[in-house]
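Worksheet: one structure, shown below.
In our numbering, the protein residues as written are 595 to 840.
Below you can see the structure in the form of structure tokens.
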């Protein structure tokens with residue numbers, strides 16, 4: 595005899611190869627088919643703080659802080675989450691005048707990019723496509739929720755900065771696991787400043803021509819909340835888990 599048949603199996607383990615043999619029994623006895631196999635799909639379960647997020651060729655560690663899930667390192671992508679490339683390492687003159695998204699390595703150094711991630715202008719943030727799918731640039735309220743959970747703006751910076759024993763290191767305790775680093779910034783006129791002294795991170799919240807950001811400093815245990823004076827500033831980006839980038 596011949597023909598197709600189906601069966602439903604439950605309780606299988608993800609990422610496992612199973613072997614099976616079909617058989618048929620009648621009055622003449624039992625006949626067996628070939629031994630075949632199938633592999634169950636790998637688990638798609640995501641556990642913040644344990645699972646990594648792969649985006650644009652890099653695996654990002656994650657950290658759970660309060661009820662929020664963050665990437666535990668700065669974004670370093672050179673393309674948006676729809677595959678479109680982000681203009682990269684634009685010259686000072688173009689950086690000053692562009693109204694398109696752009697990214698840069700501090701001083702054009704790949705080493706700086708590996709340690710601190712990339713710097714992005716506000717236009718890149720405002721595309722809503724900068725973070726991995728399912729993640730977003732945090733808004734002002736999400737930054738505030740983070741610092742409130744860590745005891746308030748006056749003390750949260752010490753808990754967010756990498757510690758002397760971390761690699762890369764800074765002068766905080768990093769008890770939150772945020773692993774903030776002093777990646778500096780790119781000025782709206784093009785030059786780079788404050789590497790190893792200050793770290794700056796965009797929010798996606800804007801009011802007219804003003805956009806909020808957060809700053810950590812080598813000389814303070816606090817978190818400074820301020821408004822960017824130019825959309826051409828190049829700041830770091832840290833992504834938070836969310837349904838979209840807006």
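Beta carbons: idealized from backbone N, C-alpha and C, even for Gly. Treat the numbers as computed from the prediction; the structure is a model and nothing was measured.
Minimum C-alpha distance to residue i - residue among the options
i	options	result
residue 674	723, 706 and 646	723
residue 793	693, 832, 805 and 644	832
residue 711	718, 670 and 619	670
residue 815	825, 782, 768 and 734	768
residue 795	827, 787, 807 and 786	807
residue 603	625, 633, 623 and 597	633
residue 830	749, 813, 798 and 625	798
residue 811	685, 651, 681 and 751	751
residue 629	623, 616 and 620	616
residue 753	726, 682, 766 and 704	766
residue 791	781, 654 and 764	764
residue 738	656, 661, 654 and 701	661
residue 606	680, 622, 627 and 635	635
residue 782	693, 643, 645 and 601	693
residue 610	598, 727, 599 and 631	631
With 16 other Cβ atoms within 10 Å as the buried cut-off, status of residue i
i	result
residue 678	exposed
residue 844	This structure cannot settle anything about residue 844, because the visible part of the chain is limited to 595 through 840.
residue 821	exposed
residue 785	exposed
residue 620	exposed
residue 840	In this prediction, residue 840 scores a pLDDT of 45, lower than 50, which makes its location untrustworthy; the coordinate-derived value is nonetheless stated afterwards. Residue 840 should be labelled exposed.
residue 834	buried
residue 680	buried
residue 640	exposed
residue 535	Shown here, the chain extends from 595 to 840; a query on residue 535 therefore has no answer.
residue 772	buried
Residue j beta carbon less than 8 angstroms from that of residue i
i	j	result
residue 715	residue 789	no
residue 757	residue 774	no
residue 700	residue 777	yes
residue 624	residue 650	no
According to DSSP, residues forming a beta bridge with residue i
i	result
residue 653	648
residue 604	None, per the DSSP bridge assignment.
Short CB-CB distance (under 8 angstroms) between residue i and chain C
i	result
residue 604	Of the chains in the structure shown, none is chain C; there is only one protein chain.
In chain order, which continuous runs of the alpha helix (DSSP H) of length 4 or greater are located wholly inside the stretch 722-756? Segments of the alpha helix (DSSP H) lying fully in the stretch 722-756: 734-743 and 747-754.
Contiguous beta strand (DSSP E) assignments of at least 3 residues, all confined to the stretch 758-809: Fully contained in the stretch 758-809 are the following beta strand (DSSP E) runs of length 3 or more, in chain order: 792-801.
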